[in-house]
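For the sequence shown, the working numbering begins at 88 and goes up steadily by one.
Cβ coordinates follow ideal geometry from the N, Cα and C atoms, glycine included.
The structure under discussion appears below in the form of structure tokens.
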Amino acid sequence: MLLQFDQISGNNRYNVEWYLEKMIQNHQVVLFSKTYCQYSIKLKHLIGKYNIRDKRIMELNLEPDMQLMQNTLTQLVYLNIIQKLQFPQISEIAFFFKDYLKHRTGGIRTVPQLYVNGKFIGDYNTIEQKERNGELARVFFRAGITPRRSHLVPRKRKC
Numbered sequence: 088m089l090l091q092f093d094q095i096s097g098n099n100r101y102n103v104e105w106y107l108e109k110m111i112q113n114h115q116v117v118l119f120s121k122t123y124c125q126y127s128i129k130l131k132h133l134i135g136k137y138n139i140r141d142k143r144i145m146e147l148n149l150e151p152d153m154q155l156m157q158n159t160l161t162q163l164v165y166l167n168i169i170q171k172l173q174f175p176q177i178s179e180i181a182f183f184f185k186d187y188l189k190h191r192t193g194g195i196r197t198v199p200q201l202y203v204n205g206k207f208i209g210d211y212n213t214i215e216q217k218e219r220n221g222e223l224a225r226v227f228f229r230a231g232i233t234p235r236r237s238h239l240v241p242r243k244r245k246c
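Now the structure itself:
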């Protein structure tokens, strides 16, 4: 289910949601970030520990349609959660879904947001927790991503 969030930029009309979805689906890892956000900076450092072949980092504060893109990302996260919860009649709860999901799931409205193979993984706090308990390494491993050599435990050499 795609919502229409059209924006006119110069003479080009494009669909922001389509653009973001296409980016998420076409790259192995996508990180939505802001250059000045300390959580974004920390998450970029954290994912830098992995050999990611196809990584796209979008700095929203450098995009001309930043607010529209951030609002669209919020909608995509909510739609993803609704689909996982499998509500039988989404239209009946459409009026309340933002408040409900914020209460029920802690709906994410901020950056950073990390996607791996088209799947939303989480915000900084979620990713940091997954890194601590080893779940992030498993997510990356399933996606064919391995730790960088310099971050592996050094081998003891024989003298």
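Three or more pairs of CB atoms, one per stretch, sit closer than 8 Å, so the stretch 117-135 contacts the stretch 214-223.
Leucine 130 and valine 203 have their alpha carbons spaced roughly 14 Å apart.
Under DSSP, lysine 129 takes part in no beta bridge, so it has no partner. Secondary structure at arginine 219: helix, using DSSP grouped into helix, strand and coil.
Here phenylalanine 228 is exposed. Its C-beta has fewer than 16 other C-beta atoms within 10 Å. The distance from the Cβ of glutamine 115 to that of isoleucine 139 is about 6 Å, consistent with a contact at the 8 Å cut-off. DSSP places valine 226 in the helix class (H, G or I) of the three-state scheme. The closest CA to that of threonine 122, considering only Asn212, Leu147 and Met110, is found on Leu147.
Closest option to isoleucine 232, judged by alpha-carbon separation, among Asp141, Asn212, Arg219 and Lys217: Asp141.
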